[in-house]
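**Q**
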Amino acid sequence: MTESVNVKGYYAKGWNNIVHLSELKNIYKTRLVSDIPIVSKTLSLNHFRFFYTNLAPIDDDLDETISLYESINLPGSAMLGHMNNIKKILDDFKLRRNLYIFNS
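All residue numbers for the sequence shown refer to the numbering used here, where the first residue is 8 and numbers rise by one.
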């Protein structure tokens with residue numbers, strides 16, 4: 008039986024958790040961003056959307072995260088919606104960084 012996207016979301020939240028911060032920060036973040044273009048060609052639209060929205064890094068190194076997300080390029084008109092969503096994620100990271108700076 009295949010699992011629903013919601014069930015996979017629970018798995019992702021379990022993995023993408025502060026408990027695993029060392030692995031997330033040192034390995035996962037750069038791997039996630041480098042895998043986005045590859046995964047965009049293999050997953051269905053809903054699963055791909057799930058991949059880049061629910062598995063975004065959780066660490067506080069926002070400058071590195073922003074730089075990595077700015078490097079994402081999904082060419083082709085079929086990817087415009089996904090690039091817009093990735094831009095929204097990027098904008099959220101930038102807003103969080105600005106709020107951290109403002110509150111410091």
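Ideal Cβ positions, reconstructed from N, Cα and C, are used throughout, including at glycine.
Select from Ile45, Arg38, Phe57, Ser51 the residue whose C-alpha is nearest the C-alpha of Pro82.
**A** Ile45
**Q** Give me the residue from Ser29, Asn110, Ile108, Lys95 with the minimum Cα distance to Asp66.
**A** Ser29
**Q** For the ligand ATP, is there any heavy atom lying closer than 7 Å to the beta carbon of Ser51?
**A** Here there are no bound small molecules, and the ligand ATP is not part of this structure.
**Q** Pull up the CB-CB distance for Phe121 and Tyr76, whole angstroms please, since I reckon it's below 8 Å.
**A** An answer regarding residue 121 cannot be provided, because it is not within the stretch 8 to 111 covered by the chain.
**Q** Please state whether the Cβ-Cβ distance between Tyr107 and Pro64 is less than 8 Å.
**A** no
**Q** Do Ile96 and Val40 have their C-beta atoms closer together than 8 Å?
**A** no
**Q** Between Leu52 and Asp98, what straight-line distance do the alpha-carbon atoms span, to the nearest angstrom?
**A** So the two alpha carbons sit approximately 22 Å from each other.
**Q** Whole angstroms are fine: how far does the CA of Leu87 sit from the CA of Lys94?
**A** Each residue's alpha carbon lies about 10 Å from the other.
**Q** Look up Ser84 in the DSSP assignment and say whether it is helix, strand or coil.
**A** helix
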